[in-house]
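First residue of the sequence shown? That's 77 in the numbering used here, and the numbers climb one at a time after it. All residues carry an ideal CB built from backbone N, CA and C; glycine is no exception. It should be emphasised that the depicted structure is a prediction, and the values quoted were computed from it without experimental measurement.
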Amino acid sequence: MNDAYRTSKIMNSQNHNWLHDQTFNLLIDYYPEIAVRPYGSGATRENLIKWLKPLDLGYVCIYAKGHSGRTTYHSPLGTTHPQLSRDMPQIFREVADELGIKLVLYYSGLVDGIAALRHPDWCMLDYDGNKTTALDASKQNTGDGSHAELVRTFMLYPLCPLSGYFDEWVSTQLEEMVSYNPDGIWIDGDWPGPCYCHRCQDRFRAETGHVGKVPLHSDNTPGGRAYRQFFVELTREWRMKLRNRIHALKPDCLYSSGNINTHCDSTPALDWRSGDFFSPRLFRVLQSCAMRRYTNQGVPYDAYTVDTAFVHHRVDRPSRTKTMQRMLQEGAGVLANGGMWGYWTYPMPNGALIPSRMRQAATAREWTREREDVCKGTDPVAWTAILEIEPHHTIANDTNSWGACKALIELHRSPQIIDDSQLSINMAHDLLIVPDQAALAEAGPEIFETLKTWVENGGKLLSTGTSIDNPAMQEILGVKLVNKAVISEGHILLPNGEPASAMQNWDRVETTDAESWFPLYHSWDDENIDMRHFAKNYPMDGVMDEENPHDAGFPAATLRRLGKGIAAHIPAAIFAEYWAYGEAPLRRWIGQMLDELQPEPLFSTDALCFVEVALRQKDDRLLIHLVNGNPGRDLACSWTDDLVVDDIPPVGPIECRVRCGEKPQTVTLEPGGENLPFEFAEGVLTVSVPRLEIHSCISVSPWRAP
Ligand SMILES: [Zn+2]
């Protein structure tokens with residue numbers, strides 16, 4: 077546990093953050109964007125009490141304002157839903173009080189359609205000076221006659237954080253909302269940008285001394301990264317304004333902003349970390365990555381997982397209820413990683429809760445209750461980590477760090493994602509991945525001094541791609557960067573003879589103090605120039621000549637022993653490729669490297685790659701969570717959208733080995749408390765779980781780290 081985390085955790089408990097006591101909450105996604113239907117007529121006291129009471133919730137979250145800007149209560153700003161038939165914060169406050177649960181109000185932050193239409197000057201502008209109405213490719217429909225339907229329906233018009241929007245609009249609405257006495261406010265829509273309006277450009281020039289046209293944030297130049305960093309700072313400022321306004325109005329009203337990326341040192345703005353994760357459009361593993369980011373920020377955290385299979389681009393397909401098994405599988409990934417499970421449901425168009433969906437929610441609640449002891453109030457075991465320092469204002473757009481997290485989860489390394497504020501020469505992590513962090517090029521010397529000392533003290537460092545651009549990093553790695561992007565595809569031969577391939581730009585590096593770890597081979601296409609006429613997916617493309625491998629002339633990975641530790645480098649952004657495609661040989665190569673870097677791992681298992689392991693601690697117990705991520709069916713049905721997860725095959729037996737500082741007394745399988753037979757020899761506990769359904773936890777007590 078690092079100092080920032082400890083301090084923040086203490087501060088948080090001193091603030092009596094009621095979220096520490098919760099494990100199961102409900103988000104009712106009843107968006108007020110559709111103006112042509114009565115809003116709330118079905119959300120009667122009887123309907124709500126009947127379905128919410130069995131859930132024994134920590135909190136229920138409902139809309140106060142959606143992305144369109146329409147409010148679910150009567151606002152003097154004239155934003156009230158045109159067919160509002162019930163004051164929604166009012167009825168839910170009454171119901172929450174009757175049930176003894178908390179109320180959280182959802183509010184769309186930097187996205188507000190009505191405000192944008194009434195105040196065009198407040199709109200966020202893109203680099204070319206256009207209003208940014210289309211935020212996200214997934215939200216643009218491509219079917220005939222339905223172009224941008226979602227953008228229009230939701231009026232997804234983002235506003236500039238430096239405009240008059242906050243003072244003249246948001247501030248008023250927050251005051252109106254707080255009059256309902258909410259226990260928390262969850263802000264969505266704080267993820268668009270960056271903005272290139274005159275206000276933002278002027279501010280950037282004033283702060284940086286930049287002259288002329290401002291740089292494009294996405295071009296990955298120092299200037300572009302500076303603009304990204306600038307906008308990250310603006311959104312932090314925006315969040316602090318929201319937080320301060322909310323706390324000024326009601327000091328014990330908690331504040332969170334969903335799906336945003338914050339550096340740990342800016343976490344104090346948020347009373348809890350949160351995001352909504354909707355499969356099948358998003359990976360199940362994405363929410364695990366988010367939990368592994370949130371878990372070291374010292375505040376409670378949750379993930380909303382949706383019970384309805386909504387895919388933005390499937391415009392002709394009604395959204396159906398997801399299966400119970402799938403909901404439990406997704407919830408398990410949240411709970412195992414120490415998060416609160418936000419069960420996310422869609423009601424009827426009139427706001428009445430849907431019986432079949434609520435019956436599933438009740439089952440999920442009972443399932444969660446059985447696991448509360450091993451899920452609530454746990455801390456992560458610091459063993460492996462991924463460093464993410466790239467400036468992003470939204471979550472999950474760093475596919476390198478998220479790909480590294482995915483790979484380490486599938487290799488059962490139970491990683492966390494950390495940032496530079498959490499680096500220290502004494503950090504307990506044994507392995508640190510620095511995946512293609514271009515921002516290191518401009519980092520100060522302290523970060524490299526810290527990394528170097530940590531390695532000398534025994535840490536294992538594995539960097540990839542542009543992380544090497546700074547000469548100080550090259551010195552740590554014992555490698556000289558000679559030429560960037562020499563070839564666009566490279567292959568590694570694994571010990572079993574199969575090639576692991578990555579279609580990424582590979583940099584030519586020379587070893588200075590390092591050794592060549594793995595040779596890199598060319599694609600056959602490189603010397604057969606006519607292959608350029610074929611599409612990349614032509615099945616004869618992208619192979620190496622295995623019988624006569626053509627060496628690329630520089631290594632695929634280098635390794636330097638430095639002090640008691642190791643510094644290794646792969647000169648390509650392989651983790652972005654792994655995030656996108658999950659190629660098994662690439663994972664096996666990464667696994668081979670990790671086995672060499674960590675010959676005596678804290679934890680190992682014979683579980684298959686879809687079993688997620690989350691190592692957590694609570695009091696003197698080690699909690700080894702196992703989540704069965706098997707979808708149970710072929711998900712690669714090209715030309716269909718058959719992405720249903722239903723029957724999840726149990727797996728097992730699964731053998732787990734964990735190093736211990738002393739022999740534990742008791743090993744049990746939770747939930748249930750069944751004693752598990754175990755062996756203990758040479759500091760290693762070996763235990764087997766006979767059968768894993770969706771989630772089980774091995775509780776080892778007492779456990780002392782080796
Ligand atoms: Zn702006």
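Mind checking residue i: buried by the 16 CB within 10 Å criterion, or exposed?
| i | result |
| --- | --- |
| GLN741 | exposed |
| PRO547 | exposed |
| ASN613 | exposed |
| TRP417 | buried |
| HIS609 | exposed |
| LEU133 | buried |
| LEU211 | Model confidence at LEU211 stands at a pLDDT of 44, short of 50, so the residue's coordinates are unreliable; what they give is reported in the following sentence. Answer is buried; the Cβ neighbour count reaches 16. |
| PRO32 | This structure leaves residue 32 out entirely; the chain is present only between 77 and 782. |
| GLU518 | exposed |
| THR444 | buried |
| LYS398 | buried |
| CYS684 | Position check: residue 684 holds Leu in this sequence, whereas Cys was assumed. So LEU684 ends up on the exposed side. |
| LEU193 | exposed |
| ILE605 | exposed |
| THR588 | exposed |
| SER214 | Caution is warranted here: a pLDDT of 45 is assigned to SER214, below 50, making its placement in the model unreliable, and no coordinate value can be reported. |
| LEU711 | exposed |
| ARG780 | exposed |
| TYR370 | buried |
| ASN624 | exposed |
| ASN101 | buried |
| ARG697 | buried |
| TYR422 | buried |
Closer than 8 Å by C-beta to residue i: which residues in its own chain qualify, once you throw out the five before and the five after it? Chain order, please.
| i | result |
| --- | --- |
| THR762 | GLU731, CYS732, ARG733, PHE754, GLU755 and PHE756 |
| GLY221 | In this prediction, GLY221 scores a pLDDT of 41, lower than 50, which makes its location untrustworthy; the coordinate-derived value is nonetheless stated afterwards. Closer than 8 Å at the Cβ level, and outside the excluded window around GLY221, lies no residue. |
| GLU406 | PHE353, SER355, ARG360, GLN363 and THR381 |
| PRO291 | THR297, GLY299, GLY300, ALA302 and TYR303 |
| CYS329 | VAL254, PRO258, ASP259, GLY260, ILE261, ILE322 and HIS323 |
Would you mind reading off the limits of the alpha helix (DSSP H) that contains residue i?
| i | result |
| --- | --- |
| HIS323 | 298–325 |
| VAL410 | 400–412 |
| SER775 | Looking at the DSSP string, SER775 is not in any alpha helix (DSSP H); the run it does join, the beta strand (DSSP E), is 771–777. |
| ASP449 | 431–451 |
| GLU622 | Run containing GLU622: none; DSSP gives neither H nor E here. |
| PHE651 | 650–657 |
| ILE125 | 121–128 |
So what does residue i bridge to, in DSSP terms?
| i | result |
| --- | --- |
| ILE261 | LEU181 and TYR331 |
| ASN751 | THR744 |
| TYR597 | HIS567 and ASP627 |
| ARG733 | SER680 and THR762 |
| TYR135 | LYS178 |
| VAL382 | TRP420 |
| ALA366 | In the DSSP output, where bridge partners are listed per residue, ALA366 has none listed. |
| CYS236 | The partner list for CYS236 (beta bridge, DSSP) is empty, contrary to what the question assumes. |
| ALA576 | ILE568 |
| PRO196 | According to DSSP, which records beta bridges pairwise, PRO196 is partnered with nothing at all. |
What residue range is occupied by the uninterrupted beta strand (DSSP E) comprising residue i?
| i | result |
| --- | --- |
| GLU746 | 742–746 |
| ASP97 | From DSSP, ASP97 is part of no beta strand (DSSP E); its letter is neither H nor E. |
| SER151 | Looking at the DSSP string, SER151 is not in any beta strand (DSSP E), and its letter there is neither H nor E. |
| GLY641 | 641–646 |
| ASP278 | No beta strand (DSSP E) contains ASP278, which is instead part of the alpha helix (DSSP H) from 274–284. |
| ARG802 | A question about residue 802 goes unanswered here, because the residues of the chain that appear run from 77 up to 782. |
| GLY351 | 349–353 |
| PRO270 | Here PRO270 belongs to no beta strand (DSSP E), and DSSP marks it neither H nor E. |
Counting only the same chain and skipping the five closest in sequence on each side, list residues whose C-beta sits under 6 Å from that of residue i.
| i | result |
| --- | --- |
| ARG113 | PRO425 |
| ARG584 | VAL558, ASN559, VAL562 and PHE630 |
| LYS85 | Only weak support exists for where LYS85 lies, its pLDDT of 48 falling under 50; the value from the coordinates is given anyway. Same-chain partners within the cutoff: GLY374. |
| ASP455 | GLN693 |
| ALA366 | GLY351 |
| HIS96 | PRO376 |
| PRO785 | Absent from the structure is residue 785, since the part of the chain shown begins at 77 and ends at 782. |
| SER184 | LYS141, GLY142, HIS143, ASP264 and GLY265 |
| LEU103 | CYS137, TYR380, GLY418 and TRP420 |
| GLU109 | GLY142, SER144, THR229 and PHE230 |
Return the chain-ordered list of same chain residues with a C-beta closer than 7 Å to the C-beta of residue i, the five sequence neighbours on each side being excluded.
| i | result |
| --- | --- |
| ILE724 | GLN401, GLN405, ASN704, ASN706, GLY708 and ILE770 |
| GLN674 | ASP506, LEU507 and LYS536 |
| GLY198 | Correcting the residue type first, residue 198 is Trp in the shown sequence and not Gly. Taken in chain order, the residues that qualify are ALA191, ALA192, LEU235, CYS236, SER239, GLY240 and TYR241. |
| ALA438 | PRO130 and LEU131 |
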